[in-house]
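Comments concern the structure below.
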Amino acid sequence: MRADRITAALLLAFAVAFSAGALKYYPYWGEGGPASAFLPFWLGVVMAALALLMLLRRPRDVGDWVPRGEGRKRVLVVIAVTVGFVALLKVVGMVAGTALYIAVLMRFLERHPWWKTVAVAAAAAFVNWLVFAHWLHVPFPEGLFWTF
Amino acid sequence: MDFLANLAMGFGVALTPFNIMMAIAGVMVGMLIGALPGVGPPSGVAMLLPLTFGMDPTSGIIMLAALYAGTMYGGTITSVLINTPGESASVVTCLDGYQMALQGRAGPALGIAAFGSFIAGTIGVVLLMLVSPLLAKWALSFGPPETFALMLLGLTTVTLLAGDDPLKGYISMVMGLMLAMVGYDIISGDARYGFGIPEMMDGVDFLPVAIGLFGLGEVLYDAEQVGKPPVAKGRYGLRDVMPSGADWVRSRWAIARGTVVGFVVGMLPGAGPTVASFLSYTVEKKISKHPEQFGKGAIEGVAGPESANNAAATAAMVPMLTLGIPGSATTAIMLGGLMMWGLRPGPLLFEKNPQFVWGLIASQYIANVMLLILSTAFIPLFVRALRVPYSILMPLIVVFCVTGAYSLKNSVWDVGQMLAFGVVGYLMKKLGYSPAALVLALVLGPLAERALRQSLIISDAGIGIFFTRPISGVLMVLALTAIAVPVFKGLRAALRRGRS
């Protein structure tokens, strides 16, 4: 309900900026036809109209969309650990990063025993390396501490 | 018979050992992906697409198409055994499939679904083979206005069918088109919305977006849930999954009707397997002499929809290959893959890359046979896979998403993009928006813009060109109807409220 209104307001602001930006920075009409600002401008207009419609219509119940309690904690932990994983990808490297990521989630969020955690993390990091880096020749980020 | 020669050539391509291996791998991985709750066909195809980059495009598409067929069946396993659809096209299978499982008839439910899928899939390929070349020939006469009208129709129907709130569907679709505007303009070369960041100037790639929205987004959505439903007990040996004679008698026409409904619906842009399965269920219930048994374990309620979704998955290839218009999120991602491999989907594909097209068609026959063998003989294996706790699967899926997004261009930026869209996808799902409409619009955006601007250049800026040419006129009217229906419904509801 309130979520829809807030989203609609944000979308409206975004749409106006999108259209205005198109007109300000790119040509609307070129030789004999529409130029690069043409479609972005009109898409912004359409989005603004849709957002206005959502602002004005009778609010619908989207249900309880904010997770609470244990659910909220779990989602936030997964997002945070994943952000950390991606942010440190170039520092830690792909192989060690993968193993660490799996280990952290399995041990501290899901409370699996250590032996299982280590086994799954090591196996997954190895298979991932085997398929992508070894067979498909994807140059994995190596990291500062390890060179594999 | 021209097409027999083409088909023979296709089998020549598909029957090379490597391509057979790819078809088997595709079906197996597809069944596994379909069976895992939370990873559906679009995320499966998006996550596996990077794996195919090093391959020949034909082998790549063979694997992806086999995977798509596999997911359609894999989703059934979870629907029947744990009442949790692995993907949306199997939602309706839960109704009677799980009831059958509770009555100890999980085996025949899975068996009839496997046979139905095989029959429908195989007939679907025959129809695909007959219809596509004709459609491609017809589509050769399409100019930019027809192309644009067709894309508009595809976008609006997907949006219309995406969920129960059309307004949010349209917002998702327009957002996808806006994202498609980022990067170098295809005609003038202007770097739009680049903000001076080189990666932004290259545009928003659909693959990190798709992996994020469907893969990571689903993981986050599922991460909230604690615990999981129990697996229905039963015996799943080869003999246990064979449907009895009575089962066959009850199901045969359901399978036939499901095949027809599935193929027709699957060919329409935007409809796809999910709609096909629901429609087939409705048809079966309407026609049945004992509609009261539906929802209580009627085998027709499994046989019909399961046949329909496989026929539809095959039929969805028709508009993708011949017109370059994907009918669903999954085929949109495949279409993106084709473009990455440097192929141009559309009517010319049949003339310029016959090996590719006919190899794909022939491989679909092989994939269907593989699917039948795997899905009857290896059900115990998949039942065991269902017992792997989600708490272990979850980090593995994320690792796969990260590596897949990275390997596209070996860029950490893409991984960041994937991550951002993962959170966006999670929120979209929570708030009732449609990730499928967004991805479809993102893939079609640049093509639609080119067609629109070329049309307006031809017509000297008059929009009449879209309506005066017969084919584009009809398509535009259909597209506008798709837009008008929810508006009309909304207005009527508002009027009614005003009166009362």
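Those sequence lines, one after another, are chains A and B.
Just so we're aligned: the first sequence equals residues 2 to 149 in my numbering.
Just so we're aligned: the second sequence equals residues 27 to 526 in my numbering.
Backbone N, C-alpha and C define an ideal beta-carbon position, used for all residues, glycine too.
Local conformation of residue i per DSSP, three classes
{"i": "Gly-363 (chain B)", "result": "helix"}
{"i": "Gly-330 (chain B)", "result": "helix"}
{"i": "Trp-66 (chain A)", "result": "coil"}
{"i": "Tyr-210 (chain B)", "result": "strand"}
{"i": "Pro-35 (chain A)", "result": "strand"}
{"i": "Arg-108 (chain A)", "result": "helix"}
{"i": "Ala-487 (chain B)", "result": "coil"}
{"i": "Arg-479 (chain B)", "result": "helix"}
{"i": "Arg-218 (chain B)", "result": "strand"}
{"i": "Val-465 (chain B)", "result": "helix"}
{"i": "Ile-418 (chain B)", "result": "helix"}
{"i": "Ser-25 (chain B)", "result": "Because chain B in this structure spans residues 27 to 526, residue 25 (chain B) falls outside the shown range and cannot be described."}
{"i": "Gln-443 (chain B)", "result": "helix"}
{"i": "Ile-325 (chain B)", "result": "coil"}
{"i": "Asn-436 (chain B)", "result": "coil"}
{"i": "Glu-318 (chain B)", "result": "helix"}
{"i": "Asp-190 (chain B)", "result": "coil"}
{"i": "Asp-5 (chain A)", "result": "helix"}
{"i": "Ser-167 (chain B)", "result": "coil"}
{"i": "Asp-231 (chain B)", "result": "coil"}
Residue interval of the alpha helix (DSSP H) (run including residue i)
{"i": "Leu-57 (chain A)", "result": "39-57"}
{"i": "Glu-225 (chain B)", "result": "224-227"}
{"i": "Gly-56 (chain B)", "result": "43-61"}
{"i": "Trp-115 (chain A)", "result": "115-129"}
{"i": "Ala-84 (chain B)", "result": "Residue 84 (chain B) is actually Thr in this sequence, not Ala. Counting along the chain, the alpha helix (DSSP H) containing Thr-84 (chain B) begins and ends at 83-108."}
{"i": "Met-343 (chain B)", "result": "343-349"}
{"i": "Pro-68 (chain B)", "result": "67-74"}
{"i": "Trp-29 (chain A)", "result": "The sequence shown places Tyr at residue 29 (chain A), not Trp. Looking at the DSSP string, Tyr-29 (chain A) is not in any alpha helix (DSSP H), and its letter there is neither H nor E."}
{"i": "Ala-510 (chain B)", "result": "496-525"}
{"i": "Val-287 (chain B)", "result": "271-293"}
{"i": "Thr-119 (chain B)", "result": "119-128"}
{"i": "Glu-244 (chain B)", "result": "243-249"}
{"i": "Tyr-391 (chain B)", "result": "380-403"}
6 Å CB neighbourhood of residue i in its chain, flanking five on each side removed
{"i": "Leu-161 (chain B)", "result": "Thr-348"}
{"i": "Ala-334 (chain B)", "result": "Gly-284, Val-287, Gly-288, Ala-302, Ser-303 and Ser-306"}
{"i": "Ser-354 (chain B)", "result": "Gly-298 and Ala-342"}
{"i": "Phe-144 (chain B)", "result": "Asn-394 and Leu-398"}
{"i": "Gln-125 (chain B)", "result": "Lys-322 and Gly-323"}
Proximity test, Cβ basis, 9 Å: residue i and chain B
{"i": "Leu-40 (chain A)", "result": "yes"}
{"i": "Trp-136 (chain A)", "result": "yes"}
{"i": "Arg-6 (chain A)", "result": "no"}
{"i": "Trp-66 (chain A)", "result": "yes"}
{"i": "Gly-31 (chain A)", "result": "yes"}
{"i": "Ala-123 (chain A)", "result": "no"}
{"i": "Arg-3 (chain A)", "result": "no"}
{"i": "Leu-110 (chain A)", "result": "yes"}
Interface partners of residue i on chain B, CB under 9 Å
{"i": "Lys-91 (chain A)", "result": "Val-438"}
{"i": "Phe-19 (chain A)", "result": "Met-204, Met-207 and Tyr-219"}
{"i": "Val-87 (chain A)", "result": "Val-428, Val-438, Val-441, Gly-442, Met-444 and Leu-445"}
{"i": "Ala-97 (chain A)", "result": "Those within 9 Å of Ala-97 (chain A) in chain B number zero; the least Cβ separation is about 12 Å."}
{"i": "Leu-106 (chain A)", "result": "Ser-417, Met-420, Pro-421 and Val-424"}
Neighbour list for residue i in chain A, Cβ cutoff strictly below 8 Å
{"i": "Leu-246 (chain B)", "result": "Val-76, Val-79 and Ile-80"}
{"i": "Ile-197 (chain B)", "result": "Leu-12, Met-48, Leu-51, Ala-52 and Met-55"}
Own chain residues within Cβ distance below 7 Å of residue i, not counting five before or after
{"i": "Val-275 (chain B)", "result": "none"}
{"i": "Pro-159 (chain B)", "result": "Phe-29 and Phe-376"}
Neighbour list for residue i in chain B, Cβ cutoff strictly below 7 Å
{"i": "Tyr-27 (chain A)", "result": "Asp-216 and Arg-218"}
{"i": "Leu-145 (chain A)", "result": "Result: empty, since nearest Cβ-Cβ is about 14 Å, beyond 7 Å."}
{"i": "Leu-161 (chain A)", "result": "In the structure as shown, chain A starts at 2 and stops at 149, and residue 161 (chain A) therefore has no counterpart that could be examined."}
Listed by chain order, chain A residues near residue i by CB distance under 9 Å
{"i": "Leu-464 (chain B)", "result": "Residues of chain A passing the Cβ test: none, with the nearest at roughly 13 Å."}
{"i": "Glu-310 (chain B)", "result": "Correct list: empty, because the minimum Cβ distance to chain A is about 31 Å."}
{"i": "Ile-324 (chain B)", "result": "Contrary to the premise, residue 324 (chain B) reads as Ala rather than Ile in this sequence. Chain A residues near Ala-324 (chain B): none, gap ~31 Å exceeds 9 Å."}
Own chain residues within Cβ distance below 8 Å of residue i, not counting five before or after
{"i": "Trp-439 (chain B)", "result": "Glu-225"}
{"i": "Val-235 (chain B)", "result": "Leu-205, Gln-443, Met-444, Phe-447, Leu-464, Val-465 and Leu-468"}
{"i": "Asp-231 (chain B)", "result": "Leu-434, Lys-435, Asp-440 and Gln-443"}
CB contact below 9 Å: residue i versus chain A
{"i": "Ile-418 (chain B)", "result": "yes"}
{"i": "Ala-505 (chain B)", "result": "no"}
{"i": "Ile-8 (chain B)", "result": "Residue 8 (chain B) falls outside the range modelled here, since chain B spans only 27 to 526, and no answer is possible."}
{"i": "Asp-486 (chain B)", "result": "yes"}
{"i": "Asp-211 (chain B)", "result": "yes"}
{"i": "Ser-69 (chain B)", "result": "no"}
Within chain B, partners of residue i - CB distance below 8 Å
{"i": "Val-44 (chain A)", "result": "Residue identity differs from the one stated: residue 44 (chain A) is Leu in this sequence, not Val. The answer, in chain order, is Val-200, Leu-203, Met-204 and Met-207."}
Under 7 Å by beta carbon: chain A residues contacting residue i
{"i": "Val-449 (chain B)", "result": "Ile-80"}
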